[in-house]
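Novice: Below is the structure I would like to discuss, written out as structure tokens.
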Amino acid sequence: MGGYTLYGAEVSYFTGKARAYLRWRGVDFCEALATQAVYRDVILPKVGWPVIPVMVTPEGEVVQDSADIIETVEAREGLFPPAVPEGPLQHFVAQLLHLYADEWLTLPAMHYRWNYNEDWAYAEFGAISAPQASRGEQYEIGKKNGQRFKGALPILGVHAETIPGIEASYEAFLGEFSAHLERHPFLLGGRPCLADFAFIGPLYAHLYRDPTSGELMRRLAPRVADWVERTHAGERGAGDLMAEDAIPETLEPLLARQMREQFPALVETARLFDAWAGEAAAGAFVPRGLGEIWIDIEDTRGSAQARTFPLYRLQAVTDAYDAMDGAAKARADALLARVRGAPLKDFRLSKRLVRTNYRLALA
2 MGGYTLYGAE VSYFTGKARA YLRWRGVDFC EALATQAVYR DVILPKVGWP VIPVMVTPEG
62 EVVQDSADII ETVEAREGLF PPAVPEGPLQ HFVAQLLHLY ADEWLTLPAM HYRWNYNEDW
122 AYAEFGAISA PQASRGEQYE IGKKNGQRFK GALPILGVHA ETIPGIEASY EAFLGEFSAH
182 LERHPFLLGG RPCLADFAFI GPLYAHLYRD PTSGELMRRL APRVADWVER THAGERGAGD
242 LMAEDAIPET LEPLLARQMR EQFPALVETA RLFDAWAGEA AAGAFVPRGL GEIWIDIEDT
302 RGSAQARTFP LYRLQAVTDA YDAMDGAAKA RADALLARVR GAPLKDFRLS KRLVRTNYRL
362 ALA
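Now the structure itself:
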């Protein structure tokens with residue numbers, strides 16, 4: 002019986018996350034390029050829609066979604082230390098950072114790719130889809146495939162009006178993360194965890210690897226570029242997470258930025274979700290978008306689609322909070338107060354979300 006097979010690509014946001022985790026975990030796996038033939042013969046028949054990464058277990062089970070890949074391997078292998086922190090407060094914060102990386106750092110990642118690196122991205126997409134084609138043919142194939150991703154910019158909230166705020170926020174984020182890395186090699190201490198793998202998604206595949214944003218990172222935040230290289234390579238770290246379930250104070254500026262920028266958008270999305278869910282039956286598949294919201298970033302404002310998948314990541318955050326005992330909740334409440342995230346304590350979706358048949362549905 003062989004190892005795991007990861008279908009993905011270097012250019013893919015969430016493949017980078019899964020790859021960094023699998024390297025760190027040290028399991029037997031190989032990566033296969035998601036070519037047109039792989040989409041046709043493997044991904045579409047099994048998953049039903051074109052998406053990467055997709056992992057196949059040694060027994061042939063197909064797993065889609067980077068978080069599900071991590072959860073599946075963790076459960077199957079039972080290795081130590083766990084990717085998801087065991088301390089209740091560190092678990093909670095790891096899930097918060099997971100939400101931020103997966104569902105908010107998409108804005109700078111997609112902005113820099115498609116507004117600064119568009120032609121490069123088309124060439125990359127074409128080389129993945131048709132590795133045997135000529136460069137000219139690859140570019141045309143990549144342009145056809147890439148238009149779908151470029152078209153997501155207004156859905157995410159990337160417009161002429163918000164771009165100055167997105168760039169200012171991202172550069173400030175680089176400074177805040179750099180300051181953290183001066184004192185800690187990884188997000189929660191001396192080794193990587195779920196939060197680090199989640200950050201690799203945007204910070205490796207888009208913001209480090211794409212030429213213009215990569216030069217920006219190496220110039221403004223060489224410590225972040227170094228962290229990207231180490232974490233993507235699977236470095237295990239020389240220590241452990243902080244003792245006594247502690248959270249580094251240096252993470253608080255990042256968490257405050259998340260609460261200031263991302264949390265209001267989630268609240269608005271949840272309002273539209275609750276209205277839709279009130280009329281839907283258990284088991285109903287959830288639409289990917291539910292109308293329009295407004296996002297505010299560094300004194301800029303623009304419209305975005307109320308995407309529902311971030312609510313699923315948010316549900317993992319509130320589940321982690323609800324699982325805490327009184328002492329841990331008190332520490333979490335104090336942290337949330339410091340980062341102006343106190344409303345999160347009482348925020349819950351009206352109905353639970355589950356994943357079934359690779360889609361989001363009502364429980």
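Residue numbers (this note's numbering): 2 to 364.
For glycine and all other residues, C-beta sits at the position ideal for the given N, C-alpha and C.
On the DSSP bridge list, what partners appear for C31?
Specialist: DSSP, once it has assigned bridges, lists T6 as partnering C31.
Novice: Give me, in chain order, the residues of the same chain whose beta-carbon lies closer than 7 Å to that of D376; leave out the 5 immediate sequence neighbours on both sides.
Specialist: No answer is possible for residue 376: the residues shown for the chain start at 2 and end at 364.
Novice: Over the uninterrupted alpha helix (DSSP H) stretch that includes V287, give me the two end residues.
Specialist: Counting along the chain, V287 falls outside any alpha helix (DSSP H), and DSSP gives it neither H nor E.
Novice: Does any heavy atom of the ligand FMN sit closer than 7 Å to the C-beta of D347?
Specialist: In terms of ligand content, the structure shown is empty, and the ligand FMN therefore cannot be addressed.
Novice: Do A367 and I164 have their C-beta atoms closer together than 8 Å?
Specialist: Residue 367 falls outside the range modelled here, since the chain spans only 2 to 364, and no answer is possible.
Novice: I'd like the ranges of any alpha helix (DSSP H) spanning at least 4 consecutive residues and lying wholly in the region 60-110.
Specialist: Whole alpha helix (DSSP H) segments, 4+ residues: 67-78 and 89-104.
Novice: According to DSSP, simplified to helix, strand and coil, what is A305?
Specialist: Note: A305 maps to strand in three-state DSSP.
Novice: Closest to F348 by CA distance: which of T319, A362 and L354 is it?
Specialist: Closest by alpha carbon: T319.
Novice: One question on the structure: do T16 and I53 come within less than 8 Å of each other, judged by their Cβ atoms?
Specialist: Going by C-beta atoms, T16 is nearer than 8 Å to I53.
Novice: With a CB to CB cut of under 7 Å and the five nearest residues on each side skipped, what residues in its chain are close to G238?
Specialist: Counting only Cβ-Cβ distances below 7 Å, and skipping sequence neighbours, we find P186, F187, G191, R192 and P193.
Novice: I need the straight-line Cα distance from Q139 to N118, nearest angstrom please.
Specialist: Cα to Cα, Q139 sits roughly 16 Å from N118.
Novice: Please go through the same chain and pick out, in chain order, the residues whose beta-carbon is closer than 7 Å to the beta-carbon of M218, but skip the five residues on each side of it.
Specialist: The answer, listed in chain order, is L175, L208, Y209, V225 and A226.
Novice: What span of residues does the alpha helix (DSSP H) with A266 cover, start to end?
Specialist: It spans E253 to A278 - the alpha helix (DSSP H) in which A266 sits, taken as one unbroken run.
Novice: Do three or more CB pairs link the region 121-129 to the region 71-91 at distances below 8 Å?
Specialist: Too few Cβ pairs lie closer than 8 Å, so no.
Novice: Less than 8 Å between C-beta atoms, sequence neighbours within five positions excluded: which residues of the same chain meet that for G61?
Specialist: Excluding sequence neighbours, G61 sits near nothing in its chain.
Novice: Sorted by chain position, which residues of the same chain lie with C-beta nearer than 6 Å to A285's C-beta, five sequence neighbours on each side aside?
Specialist: The residues are L363.
Novice: CA-CA distance, E236 and V28?
Specialist: Whole-angstrom Cα-Cα distance: 14 Å.
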